[in-house]
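In case it helps, UniProt numbering puts the sequence shown at residues 1 to 450.
Where a beta carbon is used, it is the ideal one built from N, C-alpha and C, also for glycine.
A quick write-up on the structure given underneath.
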Amino acid sequence: MEKDGMKVLRIKKEINDDTEHDTPSPVTDEQLCSKVDMVFVKEWSQSLWRDDRIDSKDRTEEETPGSSMTQHQNGGLLQCSKLNPSTPILKVFCDPERDTYPDYRLKRESLNYLFSLALTGQDRQTATFKILVFIYWLAQGTSYKTVSETFGIPLSNATSIVRDVADKLVKLSLKIVNKPSSGELALTMQGFGRLARHPVFEKAVGAIGGCHVRVKIPGVPQPQQRPGDQPLPEKVLPTINFQGVCDHTGSFIDVFAGLPGSMTDVRILRHSPLYKCALYPPPGCFLLGDSGYPCLQTPVCIITPYSKSDQNPVHVQFNQHHAMALSSIERTFGIMKKRWHMIFLQPLELHPSFIPKVLAVCTVLHNICLRSGDLLEPVKIEDGSKVTEALKEWLASNETSGEALRDSLAQQISTMKCMATVKDERGTSAPANMTAVQKEHAYNIVVMEH
């Protein structure tokens with residue numbers, strides 16, 4: 001169906017069982033591929049949550065986190081969800097002097113910020129317990145059985161809590177993972193100018209990039225590693241693509257996840273609502289991307305670097321400033337991988353339909369950490385799939401090349417550098433390598449500024 005100009009995917013209801021791992025659902029020809037059968041993105045989730053077919057009962061449960069679970073379990077969850085300080089894992093949380101980061105990968109300030117957003121119902125103690133169970137599962141990458149033993153709850157409750165909290169936290173993306181307002185947009189543009197160390201990049205309002213998340217499909221035989229052999233390379237296991245757009249501070253403003261890792265960055269972009277609906281950036285602004293993306297003017301303005309084989313001094317200088325500004329998205333993914341290393345650095349043994357929601361929750365928690373001052377240094381990991389040379393991609397019928405805009409930006413950088421060395425015509429000499437046209441253009445700009 002379509003709503004508000006965007007496609008809405010109806011996510012089929014999955015039945016949780018008491019097993020430790022999720023049971024894969026049968027694959028049909030209508031699914032995207034044999035390994036991925038659901039796509040999550042914030043724009044689609046907004047339309048889904050606003051669907052008119054959601055009845056009043058569901059709306060009441062949405063406004064009161066945790067109410068549906070307690071009702072379905074006939075009060076059994078309430079009996080085991082009281083915050084008992086004698087439980088070792090809860091003792092850390094209940095003691096204000098203890099550091100919560102080793103167990104939950106979130107500092108106490110971030111947890112308090114999360115609770116202020118998520119705890120809107122009357123039974124705050126049960127909701128707090130459920131969030132702690134989910135955060136521990138996310139941080140430690142443990143099985144549902146380990147979570148149930150750690151918190152002293154039934155296995156079926158541990159499974160249901162994880163999925164229930166994931167659905168609740170995904171909805172926080174409406175408040176946490178969103179595009180900057182008009183006032184924030186000006187700060188974002190200034191921030192990218194500072195990152196690039198050049199005012200030409202003050203029209204940049206975001207950086208786009210992506211990473212691969214390895215998965216182990218339940219029920220599908222995996223390649224076996226013989227004793228003494230080297231670890232299996234990442235390409236042996238299937239992956240899921242995760243595309244994100246961040247601002248100059250590293251805060252996510254758009255996410256899109258769920259498509260198979262065999263798809264290129266260009267194809268992922270063209271499938272995303274960011275591209276299809278031309279949601280961002282606003283007119284007159286552009287996003288920064290690496291050479292894995294095409295240089296576009298429309299429908300989404302993305303400025304990419306010149307090829308590394310291009311030794312034109314003007315282009316080389318442009319690439320240097322571009323790389324400094326683009327580092328924001330690389331740093332953001334590095335921080336995500338360090339905080340949630342069990343999600344991004346280890347193969348996930350989850351059903352592919354649930355993984356995009358987990359990635360979306362990671363972006364929500366990442367932005368919460370930034371707002372609460374819970375900062376980390378990024379982990380440096382070489383991505384074998386990273387593109388080092390510009391890819392020659394055919395432009396689609398609705399696309400306009402952004403190479404002319406990129407050339408204009410590069411020329412402005414070169415001209416402004418010449419201006420720094422050209423003083424008044426009354427007594428200065430220009431660099432020897434400047435052409436007559438560059439000298440005249442630089443001097444004219446100096447005169448106009450005075």
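Secondary structure note for residue 214: its beta strand (DSSP E) is the uninterrupted segment 204 to 214. One thing to note: residue 342 has its Cβ no nearer than 8 Å to the Cβ of residue 125. Bounds of the alpha helix (DSSP H) holding residue 356 are 355 to 371.
Under DSSP, residue 303 takes part in a beta bridge, and its partners are 288.
In this chain, the alpha helix (DSSP H) harbouring residue 131 covers 124 to 140.
Around residue 162, the same chain offers 133, 134, 137, 144, 147 as residues with beta carbons nearer than 8 Å, after the five sequence neighbours per side are excluded. Here residue 172 carries a coil assignment [DSSP, helix/strand/coil]. Taking a cut-off of 8 Å for Cβ pairs, the segment 342 to 351 and the segment 149 to 157 do not touch, as fewer than three such pairs fall below it. DSSP, read as helix, strand or coil, puts residue 106 in coil. With contacts defined as CB atoms closer than 8 Å, residue 237 and residue 290 fail to qualify as a contacting pair.
Residue 114 and residue 108 have their C-alpha atoms spaced approximately 10 Å apart. Annotated three-state conformation of residue 282 is coil, per DSSP. Annotated three-state conformation of residue 346 is coil, per DSSP. In this structure, the beta-carbon distance from residue 361 to residue 170 falls below 8 Å. Distance between residue 112 and residue 118, taken at the CA atoms: about 10 Å. Cβ contact annotation for residue 335 (same chain, cutoff 6 Å, sequence separation greater than five): 376, 378, in chain order. Taking a C-beta distance under 8 Å as the contact criterion, residue 411 and residue 255 do not qualify as a contact pair.
In the structure shown, residue 396 adopts coil according to DSSP, grouped into three states. With fewer than 16 neighbouring CB atoms inside 10 Å of its own CB, residue 308 falls in the exposed class. Around the beta carbon of residue 257, a 10 Å sphere encloses 16 or more other beta carbons of the protein chains shown; the residue is thus reported as buried. Within a 10 Å sphere around the beta-carbon of residue 86 sit fewer than 16 other beta-carbons, which makes this residue exposed. Just measuring C-alpha positions, the residue of 310, 320, 355, 330 sitting nearest residue 250 is 330.
Residue 207 places its beta carbon 8 Å or farther from that of residue 189. Burial of residue 168 is indicated by the presence of at least 16 other C-beta atoms within 10 angstroms of its C-beta.
The three-state secondary structure of residue 146, taken from DSSP, is helix. Distances from the alpha-carbon of residue 310 to those of 303, 120, 319 put 319 closest. Residue 88 sits in a helix when the DSSP states are folded into three classes. Contact check for residue 261 and residue 212: beta-carbon distance about 5 Å, within the 8 Å limit, so the pair qualifies. The alpha-carbon of residue 173 is positioned some 26 Å away from that of residue 264.
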